[in-house]
Amino acid sequence: MAGASSASGMSAALTLIGKRFASSLLTLLLVSLTIFVIAQLLPGDAAQEALGQSATAEQVAALRHEMGLDRPAHIRYASWLTGMVSGDPGQSMVANMPVAEVIAERLPNSLLLAALSALVAVPVALAIGIGSAMNRGGRIDRALNIVTLSMVAVPEFLVATVAVLIFSVKLRWLPSIALVADDMTWGEYLRGVAMPILTLSIIVIAQMARMTRAAVIDQMDRPYVEMAVLKGVAPVRIVMRHIMPNAIAPIVNAMALSLSYLLGGAVIVETIFNYPGLASLMVNAVTSRDMPLLQACAMIFCAAYLILMLIADVTAILANPRLRAQ
Amino acid sequence: MLSPFSRRDLIGAGLGLGAGLLLPDGALAASRPRVGGRIRVASLSSSTADTLDPAKGALSTDYVRHYMFYSGLTQLDRNLVPRPALAERMESADQINWHVRLRKGVTFHNGAELTAADVVWSLLRHKDAATGSKMAQIAEQFALVKATGRHELTIRLTGPNADLPTILAQSHFLILRAGTRDFRTANGTGPYMCAQFRPGVRTLGRRNPNFWKPGKPYLEEIELIGIPDEVSRVNALLSGDVHLVIAVNPRSTKRVMASRGHGLLETQSGLYTNLIMQQRQLPTGNPHFVAAMKYLLDRPLIKRALYRGYATIANDHPIPPFHPYYRADLPQTTLDLDKARWHLQRAGLSGVRLPVYASPAADGSVDMASILQEYGSRVGLKLAVNRVPGDGYWSTHWMKHPLGFGNTNPRPTADLLFSLFYKSDAAWNESGWNNPRFDRLLLEARGEADQARRKQLYGEMQGLVRSHCGVGIPVFISLIDGYDRRLKGLYPVSLGGLMGYQFAEHVWWEG
Chain U
1 MAGASSASGM SAALTLIGKR FASSLLTLLL VSLTIFVIAQ LLPGDAAQEA LGQSATAEQV
61 AALRHEMGLD RPAHIRYASW LTGMVSGDPG QSMVANMPVA EVIAERLPNS LLLAALSALV
121 AVPVALAIGI GSAMNRGGRI DRALNIVTLS MVAVPEFLVA TVAVLIFSVK LRWLPSIALV
181 ADDMTWGEYL RGVAMPILTL SIIVIAQMAR MTRAAVIDQM DRPYVEMAVL KGVAPVRIVM
241 RHIMPNAIAP IVNAMALSLS YLLGGAVIVE TIFNYPGLAS LMVNAVTSRD MPLLQACAMI
301 FCAAYLILML IADVTAILAN PRLRAQ
Chain S
1001 MLSPFSRRDL IGAGLGLGAG LLLPDGALAA SRPRVGGRIR VASLSSSTAD TLDPAKGALS
1061 TDYVRHYMFY SGLTQLDRNL VPRPALAERM ESADQINWHV RLRKGVTFHN GAELTAADVV
1121 WSLLRHKDAA TGSKMAQIAE QFALVKATGR HELTIRLTGP NADLPTILAQ SHFLILRAGT
1181 RDFRTANGTG PYMCAQFRPG VRTLGRRNPN FWKPGKPYLE EIELIGIPDE VSRVNALLSG
1241 DVHLVIAVNP RSTKRVMASR GHGLLETQSG LYTNLIMQQR QLPTGNPHFV AAMKYLLDRP
1301 LIKRALYRGY ATIANDHPIP PFHPYYRADL PQTTLDLDKA RWHLQRAGLS GVRLPVYASP
1361 AADGSVDMAS ILQEYGSRVG LKLAVNRVPG DGYWSTHWMK HPLGFGNTNP RPTADLLFSL
1421 FYKSDAAWNE SGWNNPRFDR LLLEARGEAD QARRKQLYGE MQGLVRSHCG VGIPVFISLI
1481 DGYDRRLKGL YPVSLGGLMG YQFAEHVWWE G
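Heads up: the protein sequence lines correspond to chains U and S, in order.
Using my numbering, the letters of the first sequence correspond one by one to residues 1 to 326.
Using my numbering, the letters of the second sequence correspond one by one to residues 1001 to 1511.
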C-alpha cells in the first residue's frame, strides 16, 4: 500500500470520526428526549411505584415532592440535561444512591459478559461463515446451514432453559444462576458465566455466520475471483488475500449489530441466569419509573451502539481503497 | 387477662421461649439444632428498590432481609400469637396506654446498648412523612410515645387497640438505632449482622454471636438473592445452587417433589385475589348483580385448575378457615347457575355486556375472569375480559373500573384487614361498600380484650361482608416454598412464605 493513500485514508477516517462524534451527540440528545417523553406516557410515576398498592394520596404527594417529581416535565428534563452535560447523571430516585454508583456496579459485569461472548462468538462465526462459503453447495455447507438456521430460529430463552436443565439440573456441571461476588477467582467467575456466554454466543454466532457467508459468496461470483482461480491461486489464499478485504465491510457491519445486542439485548439471558447486568437494571428502572437511572442506561446503550457503528464504518473505509481515496 | 400479652402470659412464654419456638413438628424432631453452615436463599424479586429501611419494606425480599438484621418489640409465633422479643413486658389496662419494659443488655451490631430512646425514635419516625413509611397510616394511632426510663416507655394510642403487640411484630416496626439515616448497611439487634448489601444483587448476613436469644441463630452465613423468574428459581434449587426458595408455582411442585433431596413447604395463607364490584355505580352496585356474581364463582375449579389444589376455598369474606376468629357456621356459597340467572333477571341485567378488568398483577385474575366469562355466558351475562399489563396496574386500573380484580396479602390481624380494606372510609375500600353496622363493630372489636366476645364481633362482620360487600373471594392461595432437605427446622407461618419471612432465626443446616 502506498503511503499517500493510507495518509488520506487516515484523514478521511478522522474527518468521519469527527462528523460521527458530532452527530452521535445529537442522536444521544434525541434519544434522551424520546425516552423522557415516552416514560412520561407510562402510567404512574416513581413515587407511586415506590409506595405501591398501599399508598395514599398524601403519601404519594409527599414523596413526589421529595423526589422533585412535582416540578413540570420540561424543567425536570432541563435539570437532568444540565447535570448530564456537567458529568453528573443525577440521583437514583429508588435506590437513593447516585446513578453513577449504581451503574458503576453493573456496567463492568455487562461489559465483561459481552466481551467474553464476543471473544467466543466472533472467531467461531467467521470460521463457520467462511468455511460454509468455501464449500458452497457441499455437504459441510448444507450441514452448517441447517445448524445456523435452526440457531437463528430458536429463541434464547429456550436455549438458556434447555441448557440449564441439561448442564445444571441433570449433570450438575455448571451453576444454574450466574452469581457474581467480589471475592471470586477468575476460575469461579468463568464457571459461573459459562452458560450465559454459551447462550449469548449461540444467538449471535448464527446471525454473524449467516452474514459472513453471504458476504463472502457475494464476492466469490465477481470476475476478479474467477481470475484468481484461473491463475491457480490456492482457495485459502483467494479467500484471505482477495475476498476478505472486499467482504470485510459488510461482515464488520453485521458484527457490530450483533455485538451491540450483546450489551443491551441480553436482558432475557440476564433474567434467566440472574446475572446482575445493565440490561436488567434498565428494566428495573422502567418498572420503578426511575427516570435518571433509565436515562443513564439508555445513554450507555445508545453510545455503545454508536461507537460500534463508527468502528464498522471506519473499518469499511480503511479496507476499501475507493472509499479511502474520497 | 388484660390483653393477649399480659404479664401472666409472659412468665410462661418467657421461660418456654427457646424451647417453644425450637420444638419442630414431629417429623423434624429427630434433628437437633446445631451451629454452622452457609445457605443461599432465593427470594422473589431483587432490584434497585431493595432497602435496609424496615419502614420502606415493600416485598418479601425486604421483609426477609429486615428480619435477618433487626428485631421487633414483639414477635409472632407460629399461631400468630405475639410473644416477647425486645419488649420483655408489654401491658395495658385500657388498651390505650401501653407500658413497655425492654429487655436489658441487648446490643446493636455496633455494640451500642438498646435503650428506650431507640424504640421511641423507631416508632415515631413512621409518623414523619419524609420517612415514606408503609405504615404511616397505622402509626397515626400513636398519640404519644415517650421514654419513662432507660429501659421503659409508654405508648398512648388515639383509641383502644388490643392488637398493638401484633401490629408491632410486623417487619416495618422493627427497631433501629436512634438517629439512623444511612441505610447502606444495617445496625440492628437481629440474629444476623449485615456483611454486604448490594441492592438488586445480594444481601449477605453473618451470624450475630451476641444475639439476645442465647444459642441462636444457627447458620454461620446467609446469602439472600432474588430470582424473579420462577423457572430459574426452581432450577437453581434443584441444581443445588440455592437451598431455599420462596414462591414455587403450583405447576412446578411435581418437579420439586420428584427430587429426593428437596421438599416443599406449603403455607396456608390469607392471600386472596378478589373480584371487585364497584358499589357506587350501576349495574355493579345492584345487590342482585353482586349476588349473581358470587354464585358464578366455581371455587373448586379455581382451586384445582389455577392452583393445583394449593388453595383453600373461601366464602367471600377475607378471614381464612384456619384463622382463630373464623366463623364456621356461615353457609358456603357455591356455583349455582340457576340462582345466578334468577338474580340477574331480578337485576334486569340479562343479556347485558360488561367489561371485566384482569391483570397478571392480581395473581390468577385473568384465568378467574375467563372462568366467570364462561359461566356468565350460560346465564345470559356477556363479560368481556380486558387483560391489562401488570406494570402500573395498581395505580392505573385497580379500583378504577366497575368490575375488576384486586389482590390482598395476608395481614397479621383481622382488625388490620378489615380497617384497611372494608371500613367505609378506608382508602382501599375496594368495592366502595358502606355498612355503618360493620364500621361500629370494627371499632368495638378493636378495643375489646375479651377473646370470646371479639370472635363473636368478627364473626358478625364476616357475615356482613359475605352477604353485602361488593367483593367476591373465591379461594385463599397457599404459599409454597421449596427447600433443600438438609435445611431443618422449617414450619409454616400463615403470614407469608419462608416462615412468615422469619426463617433466618430458626433454621439450621445438617449436611
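We treat Cβ as the ideally placed atom computed from N, Cα and C, and that holds for glycine.
Pair within 7 angstroms by beta-carbon distance, Arg1353/S and Lys1400/S:
No, these two residues do not count as a Cβ contact at 7 angstroms.
- Query: How big is the Cα-Cα spacing for Gly986/S and Lys1254/S?
  - Reply: One cannot answer for residue 986/S here, as it falls past the ends of chain S, which runs 1001 to 1511.
Got a sec, what are the start and stop residues for the beta strand (DSSP E) Tyr1357/S sits in?
Arg1353 to Ala1358 is the extent of the beta strand (DSSP E) around Tyr1357/S.
*asked:* Please confirm whether Gly1482/S has its beta-carbon closer than 7 angstroms to some beta-carbon of chain U.
replied: Under the 7 angstroms criterion on CB atoms, Gly1482/S is classed as non-interfacial with respect to chain U.
_For Ser1350/S, count the other beta carbons within 10 Å of its own beta carbon; 16 or more makes it buried, fewer makes it exposed. Which is it?_
exposed
- Message: By the DSSP assignment, the beta strand (DSSP E) with Ala1143/S in it spans what residues?
- Response: Phe1142 to Gly1149
*N-terminal and C-terminal residue of the alpha helix (DSSP H) that Gly1459/S is part of*: Gln1451 to His1468
Inset, instruction - Starting from the beta carbon of Pro43/U, find every residue of chain S whose beta carbon is closer than 7 angstroms, and list them in chain order. - result: Gly1392, Ser1395 and Thr1396
- Are the C-beta atoms of Ser288/U and some chain S residue less than 7 angstroms apart? yes
### Query
Which first and last residues belong to the alpha helix (DSSP H) in which Ser1043/S is found?
Element bounds for Ser1043/S: not the alpha helix (DSSP H) but the beta strand (DSSP E), Arg1038 to Ser1043.
Mind checking if Val193/U is an interface residue toward chain S, Cβ cutoff 7 angstroms exclusive?
no
Does the CB of Tyr1501/S have a neighbour CB from chain U at under 7 angstroms?
no
Let me check one thing: in DSSP terms, what residues is Trp1508/S bridge-paired to? Lys1488/S
task = Under 8 angstroms Cβ to Cβ from Trp1098/S, same chain only, skipping five residues before and after it: list those, please.
result = Take Trp1098/S, set aside five residues on each side of it, and the residues of its chain with a beta-carbon closer than 8 angstroms to its own are Met1090, Glu1091, Ser1092, Thr1154, Ile1155, Arg1156, Leu1157 and Leu1164, in chain order.
**Asked** Using a C-beta to C-beta distance shorter than 7 angstroms, which residues of chain S count as neighbours of Ile177/U?
**Response** Ile1227, Ser1232, Ala1236 and Asp1241
Please tell me whether Pro108/U has its Cβ less than 7 angstroms away from any Cβ of chain B. Absent from the structure is chain B; the protein chains it does hold are U and S.
**Cβ neighbours of Gly1014/S in the same chain (closer than 7 angstroms, five flanking residues each side left out)** = Per-residue confidence for Gly1014/S stands at a pLDDT of 37, beneath the threshold of 50, marking its modelled position as unreliable; no derived number is given.
Any C-beta of chain U under 7 angstroms from that of Asp1025/S = Model confidence at Asp1025/S stands at a pLDDT of 45, short of 50, so the residue's coordinates are unreliable; what they give is reported in the following sentence. No - not a single Cβ of chain U is within 7 angstroms of the one on Asp1025/S.
For Trp173/U, count the other beta carbons within 10 Å of its own beta carbon; 16 or more makes it buried, fewer makes it exposed. Which is it?
exposed
Open item on the list: With a threshold of 8 angstroms, are at least 3 pairs of Cβ atoms found where one atom belongs to the stretch 140 to 149 of chain U and the other to the stretch 162 to 182 of chain U?
Closed with: no
If Asp1316/S and Val1471/S are in contact, beta carbons under 8 angstroms, what's the gap, nearest whole angstrom? Right, their Cβ atoms sit about 7 angstroms apart.
Notebook entry, point to check: Pro1199/S versus chain U: which residues are under 7 angstroms apart at the beta carbon?
Noted result: Ala95
Checklist entry - Is Leu1271/S near the ligand MN, judged by its Cβ being under 6 angstroms from some heavy atom? => result For the ligand MN, the structure offers nothing, since it holds no ligand at all.
Item to complete: Output the distance between the C-alpha atoms of Arg1453/S and Ile1096/S, rounded to the nearest integer angstrom.
Response: 19 angstroms
Within the 7 angstroms Cβ cut-off, does Gln1141/S reach chain U?
no
* Asked: How long is the line joining the alpha carbons of Ala46/U and Gly1036/S, rounded to whole angstroms?
  -> 41 angstroms
Same chain, Cβ closer than 6 angstroms to Ser32/U, five either side skipped, listed in chain order: Gln295
query: Are the stretch 186 to 200 of chain U and the stretch 1257 to 1275 of chain S in contact at 8 angstroms, needing three or more beta carbon pairs?
result: no
For the stretch 1038 to 1054 of chain S, which residues have a beta carbon sitting closer than 7 angstroms to at least one beta carbon of chain U? Ser1047, Thr1048 and Ala1049
task = Report yes if the C-beta distance between Gly44/U and Ser1395/S is below 7 angstroms; otherwise report no.
result = yes
Beta-carbon within less than 7 angstroms of Tyr305/U's beta-carbon, same chain only, minus the 5 sequence neighbours each way: which residues are those?
Ser260
Item to complete: Decide if Lys231/U is buried, meaning its Cβ has at least 16 other Cβ atoms within 10 Å, or exposed.
Response: Exposed, by the Cβ-count rule.
- Determine which residues share a DSSP beta bridge with Glu1113/S and list them. DSSP lists Thr1107/S as partners of Glu1113/S.
Since Ala1247/S meets chain U, which of its residues come closer than 9 angstroms, beta carbon to beta carbon? None at all; the shortest Cβ gap to chain U is about 15 angstroms.
With 16 other Cβ atoms within 10 Å as the buried cut-off, status of Ile243/U: buried
_Only counting the same chain, and skipping five residues up and downstream in sequence, which positions put a Cβ closer than 7 angstroms to that of Ala285/U?_
Leu293, Leu294 and Cys297, listed in sequence order.
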